[in-house]
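Reminder that position 36 of the sequence shown reads as 181 in this note's numbering, one-by-one numbering, no gaps. Don't be surprised by glycine CBs; every beta carbon is placed ideally from N, CA and C.
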Amino acid sequence: MNSKTDTLTPAVRTRANLQNQIREWRQAGETIGFVPTMGALHSGHLSLVRIAKKNATKVIASIFINPTQFAPGEDFDTYPRDESADRAKLDSVGCDLVYLPTVREMYPDGTKTNVRVEEMSDLLDGIYRPHFFYGVATVVARLFLHTQPDVAVFGEKDYQQLQIIRRMVRDLGFPIEIIGGETARDADGLAQSSRNLYLTPEERRIAPAMQAALHRASVRVTNGTLPSVALEEARTMIMAAGFTEMNYVSLVDPATLEDLPNAPLPQGTVARLLAAAWLGKTRLIDNISVTR
């Protein structure tokens, strides 16, 4: 390789090889940060690696497209894959190792055990993708056991996922600090996502309307507008921009993800606005914090 940009982060594909490396690091007194991904990496993922590097001396990223979080008819087979490009990007931000397990490595033959975070997994996205968070919790728990990190970093863009992982770690007693990384956005406000690759040029032009609607709703709520009014205005704004199907715009307690009462937010309240809607064949999600 002729330059830093040409090199690839070293990779392991089995739990045995991964844990041999982890054992060497532990014996040398290293601490381990972990960033789980499904590949198709963008600058948002790389920002999570940078956070991990600030909180640990060695960083592992995983790339695993987890079949258990896709329902029949979803985009498992077409989800973007480019291992070499992903490893080059990880190398560019100093990731020390990438874990590339097979499905069999993650789910040995005869696997019967799954992880369920009740209630939180059945709200918001869980209503529309009831399988999703059970698949996420199961694979993340397995990845934690494989990588044995001190710190793991998840993006706030997938806010419900982040809170579910935090609850799982607390409930099961994983000795891991969970850090949320701020949502990375393009210049026009669109939250960066691997699925943005699916958008047509016209859809890409429309897509930032979701973030704009959430921002307007946050201003309305902090000014004392009833949540039901601000949320309906946001839904209308998103659909008027050209989105094709609305799933939800909700104002929730940031820890429990439960809907807040339809009353003006008391002073000092911290809440979370979350949205999900379809734009053509692409389902987009976003969220922002709200403080009154």
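Item: Residues near Gln293 by beta carbon distance below 7 Å, same chain, minus five either side; Value: Ile167, Ile177
Item: Backbone secondary structure at Ala206 - three-state DSSP; Value: strand
Item: Proximal residues to Ser363 (C-beta, below 7 Å), its chain only, five neighbours per side dropped; Value: Leu418, Ile433, Val435
Item: Residue ranges of each beta strand (DSSP E) within the region 391 to 424, 3 or longer; Value: 415 to 424
Item: Met355 beta carbon less than 8 Å from that of Ile383; Value: yes
Item: Ranges of the beta strand (DSSP E) found wholly within the region 214 to 263, counting only runs of at least 3; Value: 242 to 244
Item: Backbone CA spacing between Pro217 and Asn165 [nearest angstrom]; Value: 36 Å
Item: Coarse secondary structure for Asn211, derived from DSSP in three states; Value: coil
Item: DSSP state of Leu193 mapped onto helix, strand, coil; Value: helix
Item: Exposure label - Pro275; buried when at least 16 CB within 10 Å; Value: exposed
Item: Arg349 beta carbon near the ligand COA (any heavy atom closer than 7 Å); Value: The ligand COA is not part of this structure, which contains no ligands at all.
Item: CA-to-CA distance, Val248 to Pro225, given in whole angstroms; Value: 17 Å
Item: Within 8 Å, strictly: CB atoms of Ala421 and Ile430; Value: yes
Item: Secondary structure of Glu301, DSSP reduced to three states; Value: helix
Item: Proximal residues to Thr213 (C-beta, below 7 Å), its chain only, five neighbours per side dropped; Value: Gly280, Thr283, Val284
Item: Distance between beta carbons of Asp241 and Lys203, contact taken as under 8 Å; Value: 5 Å
Item: Proximity of Val298 and Val180 at Cβ, strictly below 8 Å; Value: yes
Item: With 16 other Cβ atoms within 10 Å as the buried cut-off, status of Glu301; Value: buried
Item: Alpha-carbon to alpha-carbon, Gly174 and Glu219; Value: 43 Å
Item: Residue from Val262, Met391, Trp423 whose Cα sits closest to the Cα of Met313; Value: Val262
Item: Glu322 - DSSP class collapsed to helix/strand/coil; Value: strand
Item: For Gly178, the residue or residues it bridges with in DSSP; Value: Val204, Val296
Item: Cβ shell of Ser395 (< 8 Å), same chain only, five flanking positions each side left out; Value: Leu269, Leu376, Asp404, Leu418, Leu419, Ala420
Item: Which residues DSSP lists as bridging Thr367, in chain order; Value: In DSSP, Thr367 forms no bridge with anything.
Item: Cβ pair Ile210, Met251 closer than 8 Å; Value: no
Item: Under the three-state DSSP convention, the category Thr436 falls into; Value: strand
Item: Whether Arg361 touches Ala379 by CB criterion (8 Å); Value: yes
Item: Extent of the continuous alpha helix (DSSP H) run through Arg330; Value: Here Arg330 belongs to no alpha helix (DSSP H), and DSSP marks it neither H nor E.
Item: Endpoints, alpha helix (DSSP H) assigned at Asp267; Value: No alpha helix (DSSP H) contains Asp267, which DSSP labels as neither H nor E.
Item: Start-to-end residues for the alpha helix (DSSP H) that takes in Gln337; Value: Element bounds for Gln337: n/a, residue is neither H nor E.
Item: Same chain, Cβ closer than 8 Å to Leu191, neighbours up to 5 away in sequence not counted; Value: Lys234, Leu235, Ser237, Val238
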